[in-house]
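Residue numbers (my numbering), protein chains in the order written: chain P, 1 to 112; chain X, 1001 to 1113.
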């Protein structure tokens, strides 16, 4: 079973920021927080990951709380193409190939 | 384009057929994966290959048989499947490292009649 908790669905108006929360209260010290998204009937796409510090890339920003028990993925200006299921995943430091466990994620609907 | 190519994109097969799904990665990665996604369910990890060696078999029935001839190619051989095996089958690859990322193909939508 997935060890993270996400709301099942969220709506966001196009052009506004989408803030997707994730609880990972049992995360251990060497586990990263990863975010992927899956647009309908396609393979998941990597978005961003972090360990302790906040991270930003061309797709999104990731805010991790100081106690690391929760995080928020921010899409600063959501577009219709950002409509997808977003997955928050804990991943231990790799020494061998990943065995990621995907939960049910958050279905983000971006509307006009 | 993710650098991971899966063929065929769609497949319809009968329960007595034998078919194979193919995956090829052009990223120089050293690990490859098969995932299954049934309708309305989360992705399920099926198999993991690390440096061409199978390191994970997540209690998958023997009617699914993976093959990894080299680090760039991965196959999933299918035989005597059941209708409940109808699903989206996704291949992924990664470079094993401390903060590795998975790159997924577009998947094969399989229907078993």
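Each residue gets a CB set at the ideal place from its N, CA and C atoms; glycine is no exception.
Query, Result
"Contact with chain P by residue 1083 (chain X), beta-carbon distance below 8 Å", "no"
"Chain X contact residues for residue 98 (chain P), given Cβ-Cβ distances below 7 Å", "1094, 1100 and 1102"
"Length of the line joining the Cα atoms of residue 1040 (chain X) and residue 103 (chain P)", "11 Å"
"Paired residues, beta bridge with residue 1002 (chain X) - DSSP", "Paired residues: none, contrary to the question."
"Residue 82 (chain P), buried or exposed, once every other Cβ within 10 Å from all chains shown has been counted against 16", "buried"
"Chain-ordered chain X contacts of residue 15 (chain P) [CB-CB under 7 Å]", "What residue 15 (chain P) touches in chain X: nothing, since even the nearest Cβ is about 27 Å away."
"Of the listed residues X:1054, X:1068, X:1061 and X:1047, nearest to residue 975 (chain X) (C-alpha basis)", "Nothing can be reported for residue 975 (chain X): it is not among the residues displayed for chain X, which extend from 1001 to 1113."
"DSSP state of residue 11 (chain P) mapped onto helix, strand, coil", "strand"
"Residue 5 (chain P) vs residue 19 (chain P) beta-carbon contact at 8 Å", "no"
"Residue-level contact to chain X via CB, residue 109 (chain P), 8 Å cutoff", "no"
"Identified DSSP bridge partners for residue 1113 (chain X)", "Looking at the DSSP assignment, residue 1113 (chain X) forms no beta bridge with any residue, so it has no partner."
"DSSP state of residue 55 (chain P) mapped onto helix, strand, coil", "strand"
"Buried or exposed by the 16-neighbour rule on C-beta atoms within 10 Å, applied to residue 1050 (chain X)", "buried"
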